[in-house]
Every structure is written in structure tokens, then in C-alpha cells.
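Below is one structure, written out as C-alpha cells; comments come after it.
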Amino acid sequence: MTSVMEIYQLLPKTNCKQCGKSTCMAFAVDLLARKLKVDDCLPMVNNTKYSSDYDKLNKLITPVSGVTETGLIVHEDKCIGCGNCVVACPVNVAADPFGAGSGKAPTSDKVIFKVEDGIVKAKNVQECRRFGENKTICVACIDTCPTKAIEFV
Amino acid sequence: MVFSVFRFGDYLSEYFVCTGCALLCDDIEVDVQENRINTVNAACRKGVARMKGCTDPLVCTVDGKEEGIDKAVQKAASILRDAKNPLIFGHGNSSSEAQKLSIDLAKMTGAYIDDTSSFCQGPLVEAILQEKLKTCTLDDVRHRADVIIFWGADPSNSHPRHLSRYSYYPRGKERQRGWEEDRTLISIDIRRSDTALLCKDERFYRIPISGDAEFMEALVSSLSGKVPKTSFDYEKKRILELSNVLRKAKFGVICAGLGLVYSLEQLDPLFKLMDKLNELSDFHLIPMVGQYNMRGFNHNLFEETGYINRLKFDPQNDEPLHGPEYSIVETLYNKKVDAALIIGSDPLSSLPYSIAQNLKDIPLITIDPCQTLTASRSTVTIPCALGGVEADGTAVRMDGAEVTLKKIIKTDRLTDHEILKMIMEAI
Ligand code: SF4
Ligand code: SF4
Ligand code: SF4
Ligand code: SF4
């Protein structure tokens with residue numbers, strides 16, 4: 664998983680504030696959370712001396728649409744629809760023990776993951792165990808994915 | 412297997428079967444619009460691609476020119492009638508109904524008949540049918556298995572839903588607490604596959620190429636309380652540790668992939684390992700069959716003749732002649748075949764070139780839903796309906812369970828079964 668430091672190392676580190684942030688580090692944090700885009704750092708776009716770092720950064724921060732409010736991202740291009748996360752997610756198991764929890768197609772609307780047209784779709788993400796009042800460190804969906812298609816930012 | 416309509420709150424689903432691989436997942440939801448498959452839910456990406464049909468459908472042709480079905484059938488019949496030693500090959504992607512007719516057609520024409528199992532999972536399926544290997548169903552695996560070994564297999568790529576549907580992640584009757592507590596996943600392979608990455612606590616055992624037999628023998632020694640020796644100096648501590656896990660298993664299963672089959676010259680080391688494991692514990696083996704109904708062909712031929720593949724029928728008395736010399740590879744290599752009917756398969760792209768090229772010199776008939784390399788070289792091509800999507804039928808899952816396939820959309824194309832019937836009538 665990409666870290667803030669990895670991103671920071673690729674930035675100009677001049678704290679020029681053109682991105683609207685006070686430091687490059689603050690920019691890195693927002694970039695990781697996908698609140699900003701790589702192109703919001705104007706020096707990286709305009710100054711050719713950063714062009715190789717710019718390319719590396721773009722590879723690192725794959726553009727994703729629909730980062731959920733909890734920071735869960737599914738890299739749809741990597742997902743093979745194996746359903747491991749669907750069956751492993753404790754929220755899915757609790758909401759649908761005889762469907763998703765038993766390995767079958769989900770039979771409840773309360774599940775977080777569901778495979779549609781070969782690719783996993785995340786819904787009800789507010790139910791994820793990593794968030795809310797009683798949050799726990801759950802990595803079930805990340806650990807069970809053979810292609811590392813799930814990430815939390 | 413019965414199709415049920417589940418009602419869950421306002422959930423109403425009719426389930427279909429995916430024919431993308433021999434896992435035959437039977438919980439697929441399909442949205443159809445104007446007789447076209449719009450979305451496919453619960454299937455993996457591979458299954459969706461299969462169910463949405465071919466990008467390049469096969470056209471009905473004779474000598475490369477588009478023709479009506481009747482003319483194509485007549486031509487196919489005359490090719491088979493004129494041939495002295497025709498070959499009927501394929502069947503991995505055909506319904507059991509078509510496979511049975513194929514066997515009848517082989518009898519009628521004194522043909523060689525074979526399928527891809529003769530160079531892949533055949534030996535294992537044969538040993539299972541002859542009750543030399545203990546097996547179980549995938550449902551048993553889901554409900555009971557606590558130790559699951561993928562040996563020379565990488566289901567994350569070949570059968571993407573294997574782990575989630577049956578073998579590792581789902582809860583089952585005796586496996587209520589989830590995979591982390593209830594199951595141990597083990598991968599034995601020559602490389603760290605995507606599946607090996609999912610094994611916890613270093614339960615991946617990398618063995619050298621063709622090291623499978625020796626590794627099996629070392630496991631048997633270790634299970635017998637002897638020191639496990641291998642010529643490749645495998646760390647003894649790890650073998651001892653592994654054999655302890657196996658010994659303690661309540662219900663173990665070896666999911667045997669092509670890696671295992673290809674590396675064993677004969678199955679004895681596997682038999683010995685399974686015997687030993689069953690002295691100490693309860694172990695089963697399931698072959699990781701690829702194409703959706705390859706195992707069905709083996710079953711159907713076995714029922715009819717007592718053999719699972721590699722046959723020729725004696726035209727005089729219908730007696731099956733069987734042996735390695737009747738396999739597709741040997742018959743083509745020795746140029747024994749003078750015409751071939753290829754059904755639900757693409758040997759020109761799946762066989763080694765040196766062997767496949769002998770197909771190019773003889774008249775070929777291809778029956779398939781999609782355009783294939785073999786079809787592009789065929790004298791006659793007859794498009795058929797896509798099994799499980801445009802046609803009903805029956806198939807046998809990798810574990811031997813029979814599954815009913817139900818048509819989802821309508822098509823004008825005939826089923827493989829109907830086409831074979833027409834050819835037989837024409838002969
Ligand atoms: S625009 Fe770029 S260089 Fe300037 S502060 Fe922001 S991240 Fe740093
Ligand atoms: S972190 Fe846990 S609860 Fe949250 S989506 Fe992933 S598996 Fe489900
Ligand atoms: S585990 Fe990964 S590849 Fe499998 S369905 Fe989930 S996101 Fe997709
Ligand atoms: S695992 Fe095989 S049968 Fe199941 S959905 Fe995928 S391709 Fe289809």
C-alpha cells in the first residue's frame with residue numbers, strides 16, 4: 664500500500680503553497696486520500712525537471728473514481744471478481760450468513776461487497792468495521808484479495 | 412441439482428449456472444434485456460466473459476463459403492462416411508447430451524474418440540472412477556474441510572471462485588468460525604502463485620520443477636516417523652512441520668492441479684501419500700478440472716466402455732480398442748487419422764504445434780459457438796448454441812456432481828446435440 668512518505672519523496676519539497684496547502688507534506692496527505700489530484704501541484708506539471716517524478720507519482724496514485732467516504736477504494740482494473748472479499752468481510756457474513764457468508768451470491772442488501780458483472784462493488788461502506796464508534800482493525804478484504812485490488816486511503 | 416427461487420426480503424432471484432470453468436458456480440444472477448445478457452452478477456470476470464458470449468461468433472461454412480446448415484451437415488456426413496479412420500475430439504465445452512451422441516457417432520463411424528483429459532487431468536479422474544483415490548464433493552469441502560492443499564494449482568487464476576465458493580473462505584456446517592480459525596490453506600508449487608500469496612504462516616512450500624514425486628515420498632517418510640530426505644535438500648524441519656499439520660487434519664483435501672499431474676510420470680507416489688494420509692487422518696482428492704464438462708466426458712465414456720478417454724471403436728463389432736496409442740497426441744503424431752470432427756475445443760491452439768500441424772492436412776469439421784483457430788482451417792464449420800446460456804443441458808462439475816444447465820436466452824442456432832443428431836441421420 665502506498666504511504667504518505669513515498670508520495671512526499673516524489674514531490675518538489677519546496678513548500679511553495681501553489682497547491683493551496685501550506686506544505687508538500689500536507690499535499691501528500693490529501694493526495695493519498697484522493698482529495699487532491701497530482702496535477703494540483705503546478706510545479707510538477709510545469710517544470711520539466713520533475714517530469715520523471717511526476718510520471719512515477721501518477722503510477723503510484725492511480726486515478727480512482729468514487730473513493731468512498733470511508734476511504735475504501737476498489738481498483739476495478741485489478742479485480743477479477745473472485746469474491747474472496749465478499750465472503751470474508753465480517754459485515755457481509757453477519758448480514759447474510761447463508762448467502763455471502765456461505766460462499767454464495769449475496770442475498771441481502773446490507774452487504775458491503777457484491778460482485779457485479781465480474782467486478783466487486785462496494786456499498787453500505789459506513790458499516791465497515793474500521794469506522795464508526797466501535798472501530799476495530801479489520802483487514803479481511805485486503806488480506807484475502809489475490810490481486811491487491813482493495814485499498815484504504 | 413435443482414434451481415430454486417430464493418426470496419429474501421424484497422430479494423427475488425433466479426439462479427443460473429456459469430460454464431466458464433468446471434466449478435460450474437450455480438448462484439449466478441443474470442439481467443436479460445431484449446434477449447441479450449445485460450449484466451451477470453456473482454460470477455467472476457472469467458465467467459462473465461464466457462456468459463456474455465463470443466466476440467466473434469462462428470459462421471456456418473463449407474470450404475470457406477457461407478452455407479445453410481443442411482448443406483454443412485451433408486458435407487460433414489460425407490467427410491465422416493468417406494474417412495477410414497476419423498477422429499472425434501473435444502468435448503470439454505459440450506453438454507453431456509452431446510458427448511453421449513458423440514460416442515454413438517464414433518461407434519457408427521469406427522472413429523478414434525478422445526478429449527483433452529488424455530493430456531491433462533485424465534489420470535486422476537480415471538483413478539477416482541476406479542476407486543483408487545478417495546474423493547469427496549465440493550460441498551463436503553465447504554462444510555467440513557479444515558486442511559486444504561492446492562498442489563500444482565493456482566485457482567485464483569484458473570478457477571477464481573474456488574476459494575470463496577467452497578474451499579477456504581466460506582462458513583460451513585462444521586466450519587462456523589471462518590477461515591482464520593477453522594481452516595488451513597496450503598500451497599505446494601514450483602512458484603509463489605497468487606493463491607500461494609493467500610496462505611498464512613508460511614504455508615507455502617516451493618518445490619523444484621518435477622520435484623513433486625520426491626516431495627510426496629518425503630512426506631510419507633515424515634508421516635511414518637522417518638527422516639524426510641530429498642535430493643534437493645528440502646529443509647527437513649518444514650516437511651516435519653507440514654506432516655504434523657496433515658496428521659492432525661480432521662478432513663483434508665488435496666486439490667490437484669495440472670502442475671501435479673504433469674510432473675508425475677505415474678501416480679504411485681500420490682497413491683502412497685493418500686494411503687498414508689488416510690491411515691492417520693481423513694484425506695480426499697479433487698482434480699482441478701478446467702473446461703466445464705471435461706469430467707462429464709470421462710464419466711460418459713466410462714459408463715459406456717469402462718474407459719475414460721483414448722479409444723477407437725472397431726467398426727465391425729462396436730468393440731472399444733483402448734490405450735495410449737489411441738490418444739489424440741499419438742494418433743496425430745503417427746498420422747493415423749484421415750478426417751476429424753472437433754467439437755467444443757480448439758486443438759490447433761491447445762496442442763503443441765508439431766502435433767497440431769498434422770490436423771491441417773486432413774478435412775476438418777468444427778462445431779463451436781465461437782470462431783477458433785481450428786475453425787479457420789476447417790472444411791466445414793457449424794455454429795452451435797452456447798452451453799448453459801443459449802442451450803439447456805447437463806454437465807459434471809470437477810468433483811463429479813451432476814449439474815443441470817438452464818437456457819437463459821433464445822437463439823436460432825442449434826445445440827451441439829441437435830447438430831450431431833443431424834449428422835448421424837445424414838450418415
Ligand atoms: S504545489 Fe507542489 S511543491 Fe508547492 S507546496 Fe504544493 S506540493 Fe509542494
Ligand atoms: S475492512 Fe473489514 S469490515 Fe471493512 S470492508 Fe474490509 S472486510 Fe469489510
Ligand atoms: S478479493 Fe479482490 S479480486 Fe476478489 S472480488 Fe474482492 S476485490 Fe475483486
Ligand atoms: S469460478 Fe468458474 S464457474 Fe465460477 S463464476 Fe468463475 S468461471 Fe464461472
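Sequence lines, in order, name chains A and B.
Residue numbers for the first sequence follow my numbering, so the first one is 664 and each next one is one higher.
Residue numbers for the second sequence follow my numbering, so the first one is 412 and each next one is one higher.
In this text, a Cβ means the ideal position worked out from N, Cα and C, and glycines have one as well.
Check whether residue i and residue j have beta carbons under 8 Å apart
i	j	result
Val-459/B	Asp-780/A	yes
Ser-507/B	Gly-804/B	yes
Val-664/B	His-710/B	no
Phe-776/A	Cys-742/A	no
Thr-807/A	Tyr-577/B	no
Phe-530/B	Ile-753/B	no
Ala-487/B	Ile-776/B	yes
Val-740/B	Leu-657/B	no
Leu-544/B	Met-685/B	yes
Asp-515/B	Gly-563/B	no
Leu-469/B	Ala-786/B	yes
Asp-693/B	Phe-662/B	yes
Val-441/B	Leu-435/B	no
As assigned by DSSP and simplified to three states, the class of residue i
i	result
Glu-628/B	helix
His-573/B	helix
Ala-522/B	coil
Gly-717/B	coil
Asp-493/B	helix
Gly-583/B	strand
Asn-449/B	strand
His-554/B	helix
Thr-742/B	helix
Gly-663/B	strand
Phe-417/B	Reliability of the predicted coordinates at Phe-417/B is poor, the pLDDT of 40 falling under 50, and no value is obtained from them.
Asp-438/B	coil
Gln-444/B	strand
Phe-690/A	helix
Tyr-645/B	coil
Val-800/B	coil
Ala-837/B	helix
Cys-616/A	With chain A covering 664 to 816 only, the question about residue 616/A has no answer from this structure.
Leu-653/B	helix
Gly-668/B	coil
Lys-482/B	helix
Arg-461/B	helix
Pro-468/B	strand
Proximity test, Cβ basis, 8 Å: residue i and chain A
i	result
Tyr-673/B	no
Val-451/B	yes
Leu-574/B	yes
Glu-440/B	yes
Cys-455/B	yes
Val-459/B	yes
Ser-598/B	no
Thr-606/B	yes
Leu-434/B	no
Leu-609/B	yes
Arg-582/B	yes
Chain-order list of residues whose beta-carbon lies under 7 Å from that of residue i (same chain, five-residue window excluded)
i	result
Val-816/A	Leu-695, Ala-696, Arg-697, Val-730, Gly-734 and Ile-736
Pro-731/B	Thr-716, Tyr-718, Leu-722 and Phe-724
Asp-474/B	Thr-790
Leu-743/B	Ile-766, Asn-769 and Leu-770
Ala-433/B	Val-700, Gly-701, Gln-702, Tyr-703, Met-705, Arg-706, Arg-808 and Met-809
Glu-628/B	Pro-680
Residues of its chain near residue i, where Cβ-Cβ distance is below 8 Å and the 5 sequence neighbours each way are ignored
i	result
Ser-654/B	Leu-630, Ser-633, Leu-634 and Pro-639
Pro-809/A	Ile-743, Cys-745 and Asn-747
Pro-753/A	Arg-792, Cys-801 and Ala-803
Asp-648/A	A question about residue 648/A goes unanswered here, because the residues of chain A that appear run from 664 up to 816.
Ala-483/B	Cys-471, Thr-472, Val-473, Val-791, Thr-792 and Ile-793
Gly-811/B	Ile-539, Thr-546, Thr-548, Arg-706 and His-710
Asn-721/A	Val-701
Min CB distance residue i to chain B below 8 Å
i	result
Pro-675/A	no
Glu-796/A	no
Residues near residue i by beta carbon distance below 6 Å, same chain, minus five either side
i	result
Gly-420/B	At Gly-420/B the pLDDT is 38, less than 50, meaning the model places this residue with poor confidence and gives no usable figure here.
Gln-681/A	Leu-705
Val-413/B	With a pLDDT of 37 at Val-413/B, under the threshold of 50, the predicted position of this residue should be treated as unreliable, though the coordinate-derived value follows. So no residue of the chain qualifies.
Phe-626/B	Ile-618
Tyr-616/B	Ile-599
Assumed close pair residue i, residue j - CB separation to whole angstroms, cut-off 8 Å
i	j	result
Cys-708/B	His-502/B	It should be noted that the sequence gives Phe, not Cys, for residue 708/B. Sure, about 4 Å apart at Cβ, within 8 Å.
Met-707/A	Asp-716/A	7 Å
Ile-819/B	Ile-778/B	At roughly 21 Å, the Cβ-Cβ gap does not stay under 8 Å, so Ile-819/B and Ile-778/B are not in contact.
Asp-605/B	Asn-568/B	6 Å
Met-519/B	Met-835/B	6 Å
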